[in-house]
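Engineer: Here the protein sequences come in this chain order: S and D.
Take 442 as the starting number for the first sequence in this note's numbering and just add one per residue.
Take 1120 as the starting number for the second sequence in this note's numbering and just add one per residue.
Ideal Cβ placement from N, Cα and C applies to all residues, glycine included.
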Amino acid sequence: DAGVTQSPTHLIKTRGQHVTLRCSPISGHKSVSWYQQVLGQGPQFIFQYYEKEERGRGNFPDRFSARQFPNYSSELNVNALLLGDSALYLCASSPQAGNTEAFFGQGTRLTVV
Amino acid sequence: GENVEQHPSTLSVQEGDSAVIKCTYSDSASNYFPWYKQELGKGPQLIIDIRSNVGEKKDQRIAVTLNKTAKHFSLHITETQPEDSAVYFCAALSSDQAGTALIFGKGTTLSVSS
Chain S
442 DAGVTQSPTH
452 LIKTRGQHVT
462 LRCSPISGHK
472 SVSWYQQVLG
482 QGPQFIFQYY
492 EKEERGRGNF
502 PDRFSARQFP
512 NYSSELNVNA
522 LLLGDSALYL
532 CASSPQAGNT
542 EAFFGQGTRL
552 TVV
Chain D
1120 GENVEQHPST
1130 LSVQEGDSAV
1140 IKCTYSDSAS
1150 NYFPWYKQEL
1160 GKGPQLIIDI
1170 RSNVGEKKDQ
1180 RIAVTLNKTA
1190 KHFSLHITET
1200 QPEDSAVYFC
1210 AALSSDQAGT
1220 ALIFGKGTTL
1230 SVSS
């Protein structure tokens, strides 16, 4: 079975631009969460979606938004990019809303210049 | 909210030795504690987890212990091998008004030399 897949793997954007990151969860998993990982730190929670509804939101500005589609795939959108948004963006899928047994994708490395 | 502290930040051992990584958490309501291994250029890989109704869990060379009273949990790796070299993260599942999220420690870089 395929694991969590994310696209693209790498991305370079200019300050002020917009970016969309995509995630496909493990087959049968209905929960998708997004995390930001800055170099040298642990992942930091951004959003959780379960059954297409937002179930949780971390301490990130409104420039960050997300959605989940009927097939449970998800998109993370970031507007008005800042240099500080440069990070590894990770998607995790879980079989349940409670976010246990979360499996991560390989991430999207975003560089803002 | 939940806060997770992880120690040490770096750990160097000889092949065959044991390695122990310790984490503390602040929210006594947390009831799920996973450990992840992250290799360079990859996403975190779930290696073992423990729920609050269990004190210890073992999977081959890896074990996790949980002390709910003291609010700390530890990862034990026995008979370490060079392929165990990676960054290890502990996490606690936090549920509050912001939702349900994994709160991670800052990571431990484990180096196993042969």
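How far does the beta strand (DSSP E) with Gly1218(D) in it reach, from first residue to last?
Structural biologist: Residue mapping note: residue 1218(D) aligns to position 99 of the second sequence, counting from 1. That run of the beta strand (DSSP E) goes Gly1218 to Phe1223.
Engineer: Compare the C-beta of Phe501(S) with all C-beta atoms of chain D and state if any pair is closer than 8 Å.
Structural biologist: The residue you call residue 501(S) lines up with position 60 of the first sequence. So, not an interface residue.
Engineer: For Ala1148(D) and chain S, any beta-carbon pair shorter than 8 Å?
Structural biologist: One-based indexing of the second sequence puts residue 1148(D) at position 29. Chain S, which has no Cβ nearer than 8 Å to the Cβ of Ala1148(D), makes this no.
Engineer: What is the residue span of the beta strand (DSSP E) that Pro1153(D) lies within?
Structural biologist: As a working note, residue 1153(D) is residue 34 in the second sequence. That run of the beta strand (DSSP E) goes Tyr1151 to Gln1157.
Engineer: Using the Cβ count rule (16 or more neighbours within 10 Å means buried), how would you classify Leu524(S)?
Structural biologist: Here residue 524(S) is taken as the residue at index 83 of the first sequence, counted from 1. Leu524(S) is exposed by the Cβ-count criterion.
Engineer: Any Cβ of chain S within less than 8 Å of the Cβ of Ala1211(D)?
Structural biologist: Walking along the second sequence from the start, residue 1211(D) turns up at place 92. Taking Cβ atoms only, chain S never reaches closer than 8 Å to Ala1211(D), which makes this a no.
Engineer: Below 8 Å, how does it come out for the stretch 1171 to 1178 of chain D and the stretch 451 to 461 of chain S: are there three or more Cβ pairs, yes or no?
Structural biologist: In short, these stretches do not touch, since the Cβ pair count stays below three.
Engineer: Applying the criterion that 16 or more other CB atoms from any shown protein chain within 10 Å of the CB defines a buried residue, is Asn540(S) buried or exposed?
Structural biologist: In the first sequence, the residue the question calls residue 540(S) occupies position 99. Per the 10 Å Cβ criterion, buried.
Engineer: Under the three-state reduction of DSSP, which class applies to Glu516(S): helix, strand or coil?
Structural biologist: As a working mapping, residue 516(S) is identified with position 75 in the first sequence. The answer is strand: DSSP assigns Glu516(S) an E or B state.
Engineer: Once DSSP output is grouped into helix, strand and coil, what is the label at Glu542(S)?
Structural biologist: Taking the first residue of the first sequence as position 1, residue 542(S) is located at position 101. Glu542(S): coil per DSSP, three-state reduction.
Engineer: Give me, in chain order, the residues of the same chain whose beta-carbon lies closer than 6 Å to that of Thr461(S); leave out the 5 immediate sequence neighbours on both sides.
Structural biologist: Stepping through the first sequence from its first residue, residue 461(S) is reached at position 20. Closer than 6 Å at Cβ, skipping near neighbours: Glu516 and Asn518.
Engineer: Let's test the definition: count the other Cβ atoms within 10 Å of the Cβ of Ala1148(D) and tell me whether it reaches 16, buried, or not, exposed.
Structural biologist: One-based indexing of the second sequence puts residue 1148(D) at position 29. Counting Cβ neighbours within 10 Å, Ala1148(D) comes out exposed, since fewer than 16 surround it.
Engineer: What are the residues of the stretch 1161 to 1179 of chain D that lie near chain S, defined by any Cβ-Cβ distance shorter than 9 Å?
Structural biologist: Under the 9 Å Cβ criterion, the stretch 1161 to 1179 of chain D contributes Lys1161, Gly1162, Pro1163, Gln1164, Leu1165, Asp1168 and Arg1170.
Engineer: At the level of alpha carbons, what is the spacing between His1191(D) and Ser527(S)?
Structural biologist: For this step, residue 1191(D) is matched to residue 72 along the second sequence. For this step, residue 527(S) is matched to residue 86 along the first sequence. If you take the alpha carbons of His1191(D) and Ser527(S), they lie about 32 Å apart.
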